[in-house]
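**Q** After the structure tokens below, expect a handful of questions from me.
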Amino acid sequence: MIGKIFKKLTIFFILIAVSVIAQNAPLSGDENQDKAPIRFDITVPQDSLTIGDDIIIHIKADYPSNIKVTPPSGQIPDEVFVLKSGPEVKSKTRKGRKYDDYTYVLTAFTTGVLEIPSFEFFWYDSLGNQNVVSAPTKSIYIKSVLPADTSGLDIKDIIGPKALPKRRWPYILIGVLITVIIIVVYLLHKRKMKTIEMPKVPIEPPYDIAIRELTILKEKDLPGKGKIKLYYIELSDIIRRYIDGRFNIDAVEATTYELKKVLRHPELPKEKISDALSFLTRADMVKFAKFIPSPHLVRGDYELVKKFIVETKPVEKEVEVVK
342 MIGKIFKKLT IFFILIAVSV IAQNAPLSGD ENQDKAPIRF DITVPQDSLT IGDDIIIHIK
402 ADYPSNIKVT PPSGQIPDEV FVLKSGPEVK SKTRKGRKYD DYTYVLTAFT TGVLEIPSFE
462 FFWYDSLGNQ NVVSAPTKSI YIKSVLPADT SGLDIKDIIG PKALPKRRWP YILIGVLITV
522 IIIVVYLLHK RKMKTIEMPK VPIEPPYDIA IRELTILKEK DLPGKGKIKL YYIELSDIIR
582 RYIDGRFNID AVEATTYELK KVLRHPELPK EKISDALSFL TRADMVKFAK FIPSPHLVRG
642 DYELVKKFIV ETKPVEKEVE VVK
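If you want it as structure tokens, here you go:
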């Protein structure tokens, strides 16, 4: 009798312990997301659109001003929608909170009720720790340009090829005459071009092109608009085109790994090779591994590329005039 009572008490206490452990278990990923200090509100001007139309999405974020929020850019993890542009960001701060309005333009080429993809935002607390939170989704209806019932449409059969007239020699003669005229005009034009000396258009040096492109890139202020990935794509393209034109090394089409094997030139010091490869490796991390550099590193990479171009500029040789 005592043994049965002891057994029942043991089972009772085990159930209580399991219940307590379950209540104190860590929250799931969705619950952690609910505890993020960011409130989202997603709006779409129209709930029903035609296939191929622009889908304008407004995502409003409300969060404390002591944290930093980075929106997604460049691509979306969805095969149904295509990102045409965005994000366009409008921000304002009031009473210790920040209010951001992100505008994206999507399009879809599939009909039916579709769910707008969940955009992932990165946010950083006061200690610099990175977290991820997803904006809510919204359903929209995409309709076809065709009517729902196509049974009443008058779809005509394909018209077969028309037969050529039996007398073909006039068409053949006309074709031969036109061909002869084209050949004569071409030969006369070619002879005339030989007598005219075409002025040589001076080729712009790779250094001038690179400096101009750097100036244009800086004026775009892509990092300030949250377009870090696009900024590193353009910055890496500038240094690759400069290496291609300055040292005659195919750096535009080569990967960074391939470039490590061929980036050699008598006028290119080893430290400059190391600087260029270090930057290109970091740029690949931003483009393909979702690495987010700090603002200090972003400015430093711009100066690194500019210094590489300036310090490898060809030295103009002075021509001695013999009197």
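All you need for the working numbering is the position in the sequence shown, starting with 1, plus 341. Backbone N, C-alpha and C fix where the C-beta goes; we use that ideal spot for every residue, glycine too.
When you compare only the Cα positions, how much space is there between residue 330 and residue 653?
**A** It is not possible to answer for residue 330, since the shown part of the chain is limited to 342 through 664.
**Q** Thinking just about the alpha-carbon of each residue, which of 381, 593, 590, 634 is nearest to the one in residue 479?
**A** 381
**Q** Check whether the region 542-562 and the region 642-657 touch, using three or more Cβ-Cβ pairs below 8 Å as the test.
**A** yes
**Q** Please classify residue 569: is it buried, with 16 or more other beta-carbons within 10 angstroms of its beta-carbon, or exposed?
**A** Burial state of residue 569 is buried, judged by a 10 Å Cβ sphere holding 16 or more other Cβ atoms.
**Q** Looking at the structure shown, is residue 520 part of a helix, part of a strand, or coil, going by DSSP?
**A** helix
**Q** Could you please give me the residues that DSSP links to residue 448 through a beta bridge?
**A** 423
**Q** Taking only the alpha-carbon atoms, compute the straight-line gap between residue 384 and residue 395 and give it to the nearest angstrom.
**A** For residue 384 and residue 395, the distance between alpha carbons rounds to 14 Å.
**Q** For residue 394, which of helix, strand or coil comes out of DSSP?
**A** coil
**Q** Identify which residue in 642, 656, 636 has its Cα closest to the Cα of residue 409.
**A** 636
**Q** If I measure Cβ to Cβ from residue 454 and keep anything under 7 Å in the same chain, skipping five residues before and after, which residues do I get?
**A** Taken in chain order, the residues that qualify are 480, 482.
**Q** Are there 16 or more other CB atoms within 10 angstroms of the CB of residue 464, so buried, or fewer, so exposed?
**A** buried
**Q** Does the Cβ of residue 525 have 16 or more other Cβ atoms within 10 Å, making it buried, or fewer, making it exposed?
**A** exposed
**Q** Would you give the residue range spanned by the alpha helix (DSSP H) that residue 480 belongs to?
**A** Not the alpha helix (DSSP H): residue 480 falls in the beta strand (DSSP E), residues 480-484.
**Q** Hey, residue 443 and residue 428: beta-carbon distance below 8 Å or not?
**A** yes
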